[in-house]
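Peer 1: FYI, in the numbering used here the residues of the sequence shown are 2 to 97.
Below is a structure I'd like to ask you about.
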Amino acid sequence: LKDIIAMLGLEELSRADRRTVSRARRLERFLTQPFFTTEQFTSMAGRAVTLEDALDGCERILADEFAELPESAVFMIGSAAEALDKAAEENGEVTR
């Protein structure tokens, strides 16, 4: 799909393929996390994520639970539960 998107653009994909690409992009962004060793460079506190939390987040993304959230909501977070808080924060809403 990457080659097709590069040549024709995302708009030329079928609806199902666009959903697949969206899931893949969110999953790729979710699999990033702030590292303790890079905190001094990124000003982001490092996070440790358990395997259980990581797998839960992957399953939730693949089930389209976060399809309505911007991709940035799942980028550089710890657990998937943080995605909802980050999305609300990006929209200027107050969280917990």
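Just so it is clear, CB atoms sit at the ideal spot from N, CA and C, and this is done for glycine as well.
Is the beta carbon of phenylalanine 31 sitting closer than 8 Å to the one on glycine 47?
Peer 2: The sequence position of residue 31 within the sequence shown is 30, counting from 1. The sequence position of residue 47 within the sequence shown is 46, counting from 1. Contact flag unset, no.
Peer 1: What do you get for isoleucine 5, buried or exposed, if any count of 16 or more other CB atoms within 10 angstroms of its CB means buried?
Peer 2: Taking the first residue of the sequence shown as 1, we reach residue 5 at position 4. The residue is exposed, with fewer than 16 neighbouring Cβ atoms inside 10 Å.
Peer 1: Are arginine 63 and alanine 88 close, meaning C-beta to C-beta below 8 Å?
Peer 2: Numbered from 1 along the sequence shown, position 62 holds the residue referred to as residue 63. Numbered from 1 along the sequence shown, position 87 holds the residue referred to as residue 88. Strictly speaking, residue 63 in this sequence is leucine, with arginine absent from that position. Result no, Cβ atoms of leucine 63 and alanine 88 do not sit closer than 8 Å.
Peer 1: Return helix, strand or coil for threonine 21, following the three-state DSSP convention.
Peer 2: Within the sequence shown, numbered from 1, the residue matching residue 21 stands at position 20. Helix, per DSSP.
Peer 1: Give the straight-line distance between the Cα atoms of glutamate 12 and arginine 19, rounded to the nearest whole angstrom.
Peer 2: Against the sequence shown, residue 12 aligns to sequence position 11. Against the sequence shown, residue 19 aligns to sequence position 18. So the alpha carbons of these two residues sit roughly 8 Å apart.
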